[in-house]
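A.B. asks: Numbering (mature numbering (1 follows the signal peptide of the UniProt record, and there is no 0)), first residue to last: -24 to -1, 1 to 226. The structure under discussion is supplied below as structure tokens; questions concerning it will follow.
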Amino acid sequence: MTLPHPHRKIMLAFSLLLMLALSGCDLGEDESSDEKHVLRVYDVSALQVEQLDSTLDLLLDTENQPLRGRVELIDETRLAVNGSIQVQEEIERLLASLEVPGSKEEAALEREYRLQFWRLGLSPQHNEQSLPAGLEPVSDAISAYFPDHGIQVHDFVETFGSTSGNNLNLNSGAGTRVHLRSLKLRPGGVHVIASISAVPPPKTTGQVLQFNVNRDLPAGQPLVLGRLQSGLENDLPVYQVLVARMDWND
């Protein structure tokens, strides 16, 4: 089953499965030091989450080592575990097995970058508009695919930084909202997980547009992230195209 937010859904399933395994158990602290509960918070921002379900099933199925504790997802990047040392060790081994190779080196990467998002409008009623420098490959491809539609820039959002980060919100005056849930710098560019919403442009009929993005953006290369029909203009379809470009600033 495909889930809209696999990271959150799987981690919440993690909590649910563990709590089910613990039902009926006394979660109070025991006398032995091995059973004393401690609270630890783990970084889960760089995991192979598609493997988490099956790995958890194996972990929770170990009859000779019953797990005792509590797991809670604080946000999309941090997992809190309140349990015995044994539980903590099992969780550490589990998370280490799911870590993406090279993620530690990438997490430490610091480099000045610029990330830009354009919302382009395609309308048969508009004349062709000159697009910003650097978008020529995208504009040429769109023009070839929609020869009867003029291209205009409806909105623009950008952010600058030098390190990876989470939960960054960008709002424009024209109604575009960018929620960067995760931004990971990599040697060749950046990986973004984002939700981007936009109101239809004036004089069109349509609903709020929603783009969900989870992909790599190579440095110096504009990419079309999605296209949606935003409504009708004089009974003709109008489209919104989301374009992104990431560049190093050094």
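Just so you know, even glycine gets a beta-carbon here, dropped at the ideal spot from N, CA and C. In this text, all values refer to a predicted model and were calculated from it rather than measured experimentally.
Alpha carbon to alpha carbon, how far is Val217 from Asn190?
C.D. replies: What you label residue 217 is simply residue 241 of the sequence shown in a count that begins at 1. What you label residue 190 is simply residue 214 of the sequence shown in a count that begins at 1. Distance between the alpha carbons of Val217 and Asn190: 16 angstroms.
A.B. asks: Taking only runs that begin and end inside the stretch 156 to 208, name each unbroken alpha helix (DSSP H) of 4 or more residues, in chain order.
C.D. replies: Runs found: none.
A.B. asks: Would you mind reading off the limits of the alpha helix (DSSP H) that contains Ile118?
C.D. replies: For the purposes of this step, residue 118 is taken as the residue at position 142 of the sequence shown. First-last of the alpha helix (DSSP H) with Ile118: Glu112 to Tyr121.
A.B. asks: Run through DSSP, which three-state label would Ile61 get?
C.D. replies: On the sequence shown, position 85 is the one that residue 61 refers to. Of the three classes helix, strand and coil, the one that applies to Ile61 here is helix, per DSSP.
A.B. asks: Evaluate Pro194 with the Cβ neighbour count: other Cβ atoms within 10 Å of its Cβ, from every protein chain shown; 16 or more gives buried, anything less gives exposed.
C.D. replies: As a position in the sequence shown, residue 194 is number 218, starting the count at 1. So Pro194 counts as exposed.
A.B. asks: Measure the beta-carbon distance from Ile169 to Arg153 and round it to whole angstroms, keeping in mind my assumption that it falls under 8 angstroms.
C.D. replies: As a first step, residue 169 is located in the sequence shown; it is residue number 193 there, counting from the start. As a first step, residue 153 is located in the sequence shown; it is residue number 177 there, counting from the start. Actually they do not touch by this definition, with Cβ atoms about 15 angstroms apart.
A.B. asks: Suppose the cutoff is 7 angstroms on Cβ atoms and the five residues either side in sequence are ignored; what does the same chain contact list for Pro100 look like?
C.D. replies: Stepping through the sequence shown from its first residue, residue 100 is reached at position 124. So the list reads Asp124, His125 and Leu212, once near-sequence residues are dropped.
A.B. asks: Have a look at Val214 and Leu107 and give me their C-alpha separation to the nearest angstrom.
C.D. replies: Within the sequence shown, the letter at position 238 stands for residue 214. Within the sequence shown, the letter at position 131 stands for residue 107. Spanning the two alpha carbons is a distance of roughly 18 angstroms.
A.B. asks: Taking the alpha carbon of Leu111 as the point to measure from, which residue in Asp226, Arg221 and Asn225 has its own alpha carbon closest?
C.D. replies: Here residue 111 refers to the residue found at position 135 of the sequence shown. Out of Asp226, Arg221 and Asn225, Arg221 has the C-alpha closest to the C-alpha of Leu111.
A.B. asks: To the nearest angstrom, how far is the alpha carbon of Ile118 from that of Glu88?
C.D. replies: Position 142 of the sequence shown, counting from 1, holds the residue named residue 118. Position 112 of the sequence shown, counting from 1, holds the residue named residue 88. Answer to the nearest angstrom: the Cα atoms are 30 angstroms apart.
A.B. asks: Would you mind reading off the limits of the beta strand (DSSP E) that contains Pro213?
C.D. replies: The residue you call residue 213 lines up with position 237 of the sequence shown. Taken as a continuous stretch (DSSP letters only), the beta strand (DSSP E) holding Pro213 covers Leu212 to Trp224.
A.B. asks: Measuring CB atoms only, is the stretch 192 to 211 touching the stretch 157 to 167, in the sense that at least three cross pairs come out at less than 8 angstroms?
C.D. replies: Touching, per the Cβ criterion.
A.B. asks: Taking Cβ to Cβ, would you say Leu201 is nearer than 8 angstroms to Val219?
C.D. replies: Residue 201 sits at position 225 when you count from the first residue of the sequence shown. Residue 219 sits at position 243 when you count from the first residue of the sequence shown. Yes, the pair counts as a contact, with Cβ atoms nearer than the cut-off.
A.B. asks: Along the chain, where does the beta strand (DSSP E) containing Arg90 start, and where does it finish?
C.D. replies: On the sequence shown, position 114 is the one that residue 90 refers to. It spans Tyr89 to Ser99 - the beta strand (DSSP E) in which Arg90 sits, taken as one unbroken run.
A.B. asks: Below 8 angstroms on the Cβ atoms is my guess for Leu146 versus Thr135; work out the distance and round it to an integer in Å.
C.D. replies: Taking the sequence shown and counting its residues from 1, one reaches residue 146 at position 170. Taking the sequence shown and counting its residues from 1, one reaches residue 135 at position 159. With a Cβ gap of about 6 angstroms, Leu146 and Thr135 count as contacting.
A.B. asks: Compute the Euclidean distance between the alpha carbons of Gln186 and Val175, then round it to the nearest angstrom.
C.D. replies: As a working note, residue 186 is residue 210 in the sequence shown. As a working note, residue 175 is residue 199 in the sequence shown. In a straight line, the C-alpha of Gln186 is about 9 angstroms away from that of Val175.
A.B. asks: Look up Glu48 in the DSSP assignment and give the residues it is bridged to.
C.D. replies: What you label residue 48 is simply residue 72 of the sequence shown in a count that begins at 1. Answer is Ala56.
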